[in-house]
Amino acid sequence: MPHQNKLLIFLVLIIFIIGSVSIYFYLQKQAKEKEAGQIKTLLAEINEIINLMDAVKSEMPPELLETHEYLMSGVLGEKLYRTDPRLKDNVIMYHGVKTQSVFINPNVRLKKELWIPILYHEVAHNYWHTKNPVKTFEEFRSQLFNSENYATTINAQAWDLVMKHYPVIKEELKTELEQRLFKIYSDETEIYNEMIKGNPEAKELWNKIIEADLKEQKEYQKVLFEK
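Under the working numbering, the residues of the sequence shown are numbered 24 to 250, in order.
Written out as structure tokens, the structure reads:
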């Protein structure tokens, strides 16, 4: 009888292990299918927002226009990837210096117009580096302020056009992230517009924005350079 009990326990254990493994692979498959669907939806939205911007390119300032034309040339092509798992999940999008790629977090859902300054900011970084290539991490870091200054200029110019032609209504935004991004881009654009009018206080605030962004990026600057 004890032998039969041991055999029964062994069989139950085997069934449990097989069941657990099957569930694990099923959940993995479900997760991959979900992510693939998220990426497909996101790519469709990105294509749509590029077309929205192309429709108003006649009003673009020179810096934004050159970044837009760089984007329209098809540079992203096969260079859109998922964000690196080593980074925090709240990283929405970033650029890859070496490969001129753009990395997107497929788990983030946003109102499509909010993707415009985000995408154009990262593409602007890559465009800037076509003019200012770097070979070492030290060179990359030495150029970060200028690169970030250019990219933030681009997202401010892009947000100006978004609010003119495709206005985002703050009260209609559904998530805390959307509300936060709306405030960031609205504030940055207001400061940028004051700065280009020659306001010295706005210039000082603008520089603080760039420096704060660089400090926030510090933990994944190495990843940006490696990509």
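Cβ coordinates follow ideal geometry from the N, Cα and C atoms, glycine included.
query, result
"With a threshold of 16 other CB atoms inside 10 Å of the CB of Ala179, please say whether the residue is buried or exposed.", "buried"
"Where do the ends of the beta strand (DSSP E) carrying Met116 lie?", "Met116 to Gly119"
"Using the beta-carbon count (16 or more within 10 Å), is Gln118 buried or exposed?", "Going by the sequence as given, residue 118 is His instead of Gln. It counts as buried."
"With a cut-off of 8 Å on the beta carbons, I'd call Leu228 and Ile214 a contact; round off their distance for me.", "5 Å"
"Measuring CB atoms only, is the stretch 78 to 87 touching the stretch 123 to 137, in the sense that at least three cross pairs come out at less than 8 Å?", "no"
"Between the alpha carbons of Val114 and Asn128, how many angstroms are there, rounded?", "7 Å"
"Taking DSSP as the reference, what is the three-state secondary structure of Tyr150?", "helix"
"Note down the Cα distance separating Trp182 from Pro140, rounded to an integer number of angstroms.", "6 Å"
"Cβ atoms of Ser124 and Tyr143: under 8 Å apart, would you say?", "no"
"Consult DSSP for Leu204 and reduce its assignment to one of helix, strand or coil.", "helix"
"Measure from the alpha carbon of Glu211 to the alpha carbon of each residue in Glu234, Thr175, Glu224 and Asn222, then state which is nearest.", "Thr175"
"In chain order, what residues of the same chain have a beta carbon less than 7 Å from the beta carbon of Tyr189, not counting five sequence neighbours either side?", "Leu75 and Glu136"
"According to DSSP, is Val125 part of a helix, a strand, or is it coil?", "strand"
"Taking Ala310 and Ile177 to be in contact with their CB atoms under 8 Å, please state how far apart those CB atoms are, rounded to whole angstroms.", "Beyond the ends of the chain as shown, which are 24 and 250, falls residue 310; an answer cannot be given."
"How about Ile233 and Phe126: do their beta carbons lie closer than 8 Å?", "no"
"According to DSSP, is Ile232 part of a helix, a strand, or is it coil?", "helix"
"Along the beta strand (DSSP E) that carries Leu133, what are the first and last residues, could you check?", "Note, Leu133: premise wrong, no beta strand (DSSP E); not H, not E."
"Would you list the residues sitting across from Arg105 in a DSSP beta bridge?", "Ile127"
"Go ahead and pull the three-state DSSP assignment for Ala181.", "helix"
"Would you mind sorting Ser165 into buried or exposed? The rule is 16 or more other CB atoms within 10 Å of its CB.", "exposed"
"Using C-beta distances below 8 Å, list every residue in its chain close to Glu145, excluding the 5 sequence neighbours before and after it, in chain order.", "Met116, Tyr117, His118, Val125 and Ala174"
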